[in-house]
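Here the structure is laid out as structure tokens; the discussion comes afterwards.
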Amino acid sequence: MGKLVICDHPLIQHKLTFIRDVRTNTKEFREHVDEVATLMAYEITRDIPLETITVQTPVAETQGKVISGRMLGLIPILRAGLGMLEGVLKLLPAAKVGHVGLFRDPETLQPVEYYIKLPTDVQQRELIVIDPMLATGGSAIAAITSLKNRGCTQIKMMNLIAAPEGVAAVQEAHPDVDIYVAALDDHLNDHGYIVPGLGDAGDRLYGTK
Ligand code: PRP
Ligand code: URA
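In UniProt numbering, the protein residues as written are 1 to 209.
Okay, here's the thing in structure tokens:
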């Protein structure tokens, strides 16, 4: 089973509280989401492999570590995943970006895929699927399935807030995928919203209703 990592650094928890607060306006919401995404990128890359190389300092020859292994790919789920993308790119500027467009049908809560565009070498990359919300898990499962159907094998999931129901669903459907969240909330309400959550992530990021 994939692991669930709760990124509970004090800075992340502090900013997440303002993200949750209904009084936080669109501009501040977007800025906090961007900052938390950067901090989470630091946590999610903690286990990327290193190799040792030799360099010459002005004083002596020494050995140092540099990142090795697979190149990275970032896969924001449209639309709300875009709110975290730039924050992650600040730490991982060389990553390529693929987009998966999904929305939840408001009646059935089932994900509907309307767009996908991936880097040509996506199969060779270690991928991070990005979405602020993991609610029922339907959107995450559909996005990961789409990537696997195109030959991708190394996938991690990054969410601001997850519901236990969504974590369990992704772990069952994709047991090879580790999930990184800033918070694991209590439950889903009857409309599939995370409680306490932050409301509708896309609407709060872009000022829509
Ligand atoms: C939200 C969110 C996730 C999805 C989570 O997107 O950004 O993609 O819901 O719910 P799930 O785990 O139950 O699938 P939404 O469908 O509202 O689309 P948007 O990003 O375009 O606003
Ligand atoms: N999507 C959101 O934006 N918020 C939720 O709480 C659940 C799904």
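Backbone N, C-alpha and C define an ideal beta-carbon position, used for all residues, glycine too.
Source: prediction; values computed, not measured.
query: Please name the residue, chosen from V181, T208, P164 and Y180, that lies closest to Y193 on a Cα-to-Cα basis.; result: P164
query: Please go through the same chain and pick out, in chain order, the residues whose beta-carbon is closer than 6 angstroms to the beta-carbon of N189, but skip the five residues on each side of it.; result: V195
query: Whether or not the stretch 140 to 151 and the stretch 100 to 109 are in contact is what I'm after, with contact meaning three or more pairs of Cβ atoms, one per stretch, closer than 8 angstroms; do they touch?; result: yes
query: Might you give, ordered along the chain, the residues of its own chain that have their beta carbon closer than 7 angstroms to the beta carbon of A80, omitting 5 neighbours on each side?; result: D131, P132, M133, A201, G202 and L205
query: Going by DSSP in three states, Y193 sits in which element: helix, strand or coil?; result: coil
query: Quick one: using the 10 Å Cβ neighbour count with 16 as the cut-off for buried, is M1 buried or exposed?; result: exposed
query: Please return the same chain residues whose Cβ sits closer than 7 angstroms to the Cβ of V122, not counting the five positions on each side in sequence.; result: G73, G98, R150 and C152
query: Measuring from the CB of A192, is there a heavy atom of the ligand URA at a distance below 7 angstroms?; result: The question names Ala, but residue 192 in the sequence shown is Gly. Yes, Cβ of G192 sits closer than 7 angstroms to a heavy atom of the ligand URA.
query: Just checking F18 against the ligand PRP - is the residue's beta carbon closer than 7 angstroms to any of the ligand's heavy atoms?; result: no
query: Report the residue ranges of all beta strand (DSSP E) runs contained in full by the stretch 63 to 99; include only those spanning at least 3 residues, in chain order.; result: 72 to 78
query: Less than 7 angstroms between the CB of R30 and some heavy atom of the ligand PRP, yes or no?; result: no
query: Does the beta-carbon of T108, which I'm using as the reference point, lie nearer than 7 angstroms to any heavy atom of the ligand PRP?; result: no
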